[in-house]
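Reading through the structure tokens given below for one structure.
This is the structure in structure tokens:
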């Protein structure tokens with residue numbers, strides 16, 4: 001009998017931490033009583049909505065439909081995304097992220113087409129593929145989730161076991177804490193986030209090295225490892241630092257003793273952390289064998305590993321609808337921090353700008369070049385996955401149009417009418433959507449050229465390749 005009767009269905013544990021934002025608690029920390037940042041006044045809401053027209057949001061869910069299992073509408077998610085974009089515009093450092101979805105790839109042109117979902121797609125805009133861009137990351141996370149689902153389904157078909165593991169460590173190194181006289185707040189001010197993340201990666205490598213690492217590798221068929229982090233909310237009265245951690249999906253042979261693997265994993269992680277001047281967190285260590293009895297559970301596990309942050313429906317709904325209520329928040333995902341920064345009124349942001357700028361830049365610099373999802377050797381091949389794409393390559397992927405035909409237009413002429421055209425297409429009957437789009441363009445006095453989807457994709461490919469050759 002298993003020594004840990006905490007085995008759960010993937011659906012049950014998926015709610016516990018799909019990226020863990022807001023779920024991690026620092027040692028000794030309690031709930032904060034500080035108020036959350038205020039939302040922008042109503043007058044600024046309109047400004048954010050206007051900005052949304054300038055940045056294409058093709059990667060979002062179809063308007064008018066439930067956007068996800070939280071029950072938030074497309075319009076509500078767009079509002080959250082615009083807060084995040086505004087936050088990044090204020091404190092982010094990369095122009096390609098700020099300009100994502102605003103610049104056409106092919107000579108100032110984009111292509112309009114009808115997708116299988118019945119919406120209008122705007123193809124041919126440059127995409128950044130960044131974790132900090134809600135449009136791109138929504139698309140990347142969806143694609144990666146599909147890959148994890150395929151691996152989980154393959155493992156289930158083969159009779160393998162699936163385990164979900166969480167690995168965490170202290171928010172400061174032992175040396176920094178000692179140099180600060182074991183004052184946690186002073187240590188956090190001195191701690192380099194980039195160094196902390198580097199040491200976490202080092203602990204993972206050490207866990208998989210040596211005699212214990214050989215035993216671990218021999219017990220598993222493969223793994224997919226996600227790196228996540230949480231940070232202090234703007235209104236947190238007591239800082240607890242940036243918390244990096246790993247979520248790992250292990251594929252184990254059906255005959256492997258899961259209890260033994262659990263013990264080896266904890267021993268290896270704690271020893272690896274010690275060698276990297278970190279203290280492993282027993283409270284933050286978790287090892288669950290998943291019962292993948294249904295496709296729904298598999299999908300939940302994949303989303304849990306890849307999504308990047310946990311969005312609590314109640315908190316987000318309150319954030320969107322009740323600007324008069326202050327919701328106490330202690331920990332947030334990096335995306336949540338950007339949304340908080342974007343929500344601040346201009347005068348309040350100006351007052352806090354130096355502090356917020358420094359806080360965000362430390363996080364962004366530490367995450368530069370970091371891979372959010374890492375695969376063990378040969379697992380993708382065993383599960384039948386194709387060659388791995390980069391985040392930017394995924395973000396550039398476009399849906400196929402229903403009739404394999406697109407309408408090529410000038411972006412400068414179309415960008416102020418994108419939402420208007422989407423509404424026309426959305427309200428038209430399925431068989432009349434393409435014709436209604438043409439009529440709407442004619443009614444606006446906008447010229448277009450009909451071409452095949454294949455020809456347009458080739459034009460985009462040529463221009464993208466030429467751009468990278470110049471870099």
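In UniProt numbering, the protein residues as written are 1 to 471.
Don't be surprised by glycine CBs; every beta carbon is placed ideally from N, CA and C.
Values in this document were obtained by computation on a predicted structure and should not be read as measured data.
Around residue 197, the same chain offers 244 and 366 as residues with beta carbons nearer than 6 Å, after the five sequence neighbours per side are excluded.
Within the same chain, no Cβ atom closer than 6 Å to the Cβ of residue 388 is found once the five residues on either side in sequence are excluded. Sorting 99, 81 and 116 by C-alpha distance to the C-alpha of residue 425 places 116 at the top.
Excluding sequence positions up to five before and after residue 187, its CB lies within less than 7 Å of the CB of 172, 176, 177 and 180, all in the same chain and listed in chain order. For residue 430, there is no enclosing alpha helix (DSSP H), as DSSP gives it neither H nor E. Going by C-alpha positions, residue 110 is about 6 Å away from residue 123. Restricting attention to 236, 163, 399 and 167, the CA atom closest to the CA of residue 220 is found in 163.
Buried is the label assigned to residue 415, since at least 16 other Cβ atoms lie within 10 Å of its Cβ. According to DSSP, residue 406 shares a beta bridge with 451. The shortest CA-to-CA distance from residue 278 to any of 295, 303 and 200 is the one to 200. Nearest to residue 337 by alpha-carbon distance, out of 260, 241, 159 and 210, is 241. A residue is called buried when at least 16 other Cβ atoms come within 10 angstroms of its Cβ; residue 331 meets this threshold and is buried.
Assignment of beta strand (DSSP E) within the segment 367–425, counting only whole runs of 3 or more residues, yields 373–375 and 405–410 in chain order. Rounded to whole angstroms, residue 384 and residue 249 show a C-alpha spacing of 17 Å. Short of 7 Å from the beta carbon of residue 193, and not among the five residues preceding or following it, lie these beta carbons of its own chain, in chain order: 242, 362, 363 and 366. With the rule of 3 Cβ pairs closer than 8 Å, the segment 142–159 does not count as touching the segment 90–110. Among the bridge pairs identified by DSSP, residue 104 is matched with 125. Sequence-distant partners of residue 166 (beyond 5 residues in either direction) whose C-beta falls short of 6 Å from its own C-beta, in its chain, are 247 and 286.
The three-state reading of DSSP puts residue 168 in strand, counting E and B together.
Here residue 209 carries a coil assignment [DSSP, helix/strand/coil]. With a contact defined as Cβ atoms closer than 8 Å, residue 80 and residue 339 qualify at about 6 Å. In terms of Cβ geometry, residue 223 and residue 375 form a close pair [threshold 9 Å].
For residue 245, the enclosing beta strand (DSSP E) covers residues 243–252. Between residue 406 and residue 450, the CB-CB gap stays under 9 Å.
For the segment 131–162, the full-length alpha helix (DSSP H) segments reaching 4 residues or more read 134–157 along the chain. The segment 206–220 and the segment 266–275 touch, with three or more beta-carbon pairs separated by less than 8 Å. One alpha carbon belongs to residue 441, the other to residue 78, and they sit about 25 Å apart.
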